Amino acid sequence: MLFQKRKVRQTENERLVHLIQRIKEELDQYEYLVKRSIEPPPDIQTELKRKRAKYMFLLKEARHRRINGYHDS
């Protein structure tokens with residue numbers, strides 16, 4: 032039972048790291064889009080704020096779980 036719990040925790044931590052990486056890439060794309068546009072549409076600005084909040088939440092969750100490091104896949 033103990034080893035199964037550890038394995039589940041490890042796979043969920045890896046999933047969280049991959050999710051953080053994906054959200055960071057999307058956030059960078061939206062920031063680039065807003066930076067390059069003269070007057071970005073309100074829906075793009077709203078989406079950027081939402082992605083930023085989601086990214087910060089995931090980073091806090093990773094800190095809470097004491098996940099550190101960057102895993103390449």
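Sequential numbering from 32 applies to the sequence shown in the working numbering.
In this text, a Cβ means the ideal position worked out from N, Cα and C, and glycines have one as well.
Note that the structure is a prediction, hence the values are computed from the model and not measured.
Pick from the options that is closest to residue i, judged by C-alpha positions
i	options	result
Glu92	Arg37, Glu43, Gln35	Glu43
Arg81	Leu47, Lys38, Tyr61, His95	Tyr61
Run of the alpha helix (DSSP H) containing residue i, from where it starts to where it stops
i	result
Glu78	73-95
Rounded straight-line distance, which links the Cα of residue j to that of residue i
i	j	result
Pro71	Gln52	25 Å
Ser104	Glu45	Unreliable placement is indicated for Ser104, whose pLDDT of 46 sits below 50; no coordinate value is reported for it.
Ile75	Leu64	9 Å
Arg96	Lys66	33 Å
Glu83	Lys38	The sequence shown places Arg at residue 83, not Glu. If you take the alpha carbons of Arg83 and Lys38, they lie about 30 Å apart.
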